[in-house]
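Enquirer:
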Amino acid sequence: MVGRDDFFDSARHVVRHFFATLNIECKEEMFFKGLDAKGVVKGKKDLPKEGDTINKEGTLWSPATVIKNPRCDGLQIKLNAPAVPFEASPDDPRLWENILTK
Numbered sequence: 500m501v502g503r504d505d506f507f508d509s510a511r512h513v514v515r516h517f518f519a520t521l522n523i524e525c526k527e528e529m530f531f532k533g534l535d536a537k538g539v540v541k542g543k544k545d546l547p548k549e550g551d552t553i554n555k556e557g558t559l560w561s562p563a564t565v566i567k568n569p570r571c572d573g574l575q576i577k578l579n580a581p582a583v584p585f586e587a588s589p590d591d592p593r594l595w596e597n598i599l600t601k
């Protein structure tokens, strides 16, 4: 049942083992309860829409464009990705990956 607190435990373990196999430390999780029915997310008013640009001052991933996801029914955020280590060092706090680990 989706309302259970342990509903995502199996998925969480699979993802963590996958990352561990690749020697990647998992720092953030994004699991959402209550998004069971098709169209539930589309009813949210504060979500970015296709064609929107997300700007966040002081980050290297900005501007990010919201585009149609070519692999599924929905949208994705296309982040600006500087070349590491040429344009930014791996520990640069302005990188998306490092922002997620705060």
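Positions 500 to 601 (the numbering used here) are the ones given, in order, by the sequence shown.
Using N, Cα and C, we set each Cβ at its ideal position, and we do this for glycine too.
Mapping the DSSP letters down to three states, classify V565 as helix, strand or coil.
Expert: strand
Enquirer: Where do the ends of the alpha helix (DSSP H) carrying I603 lie?
Expert: In this structure the chain extends from 500 to 601, so residue 603 is not present and cannot be described.
Enquirer: Express the C-alpha separation of P547 and T564 in angstroms, rounding to a whole number.
Expert: 10 Å
Enquirer: I need the DSSP call for T552, collapsed to helix, strand or coil.
Expert: strand
Enquirer: Ignore the nearest five residues each way along the sequence and tell me which others in P581's own chain have a CB closer than 6 Å to its CB.
Expert: L559 and A587
Enquirer: Does the Cβ of D508 have 16 or more other Cβ atoms within 10 Å, making it buried, or fewer, making it exposed?
Expert: Counting other Cβ atoms within 10 Å of its Cβ, D508 stays below 16 and is therefore classed as exposed.
Enquirer: Suppose you measure from the CA of L594 to the CA of F585; what does that come to, to the nearest Å?
Expert: 13 Å
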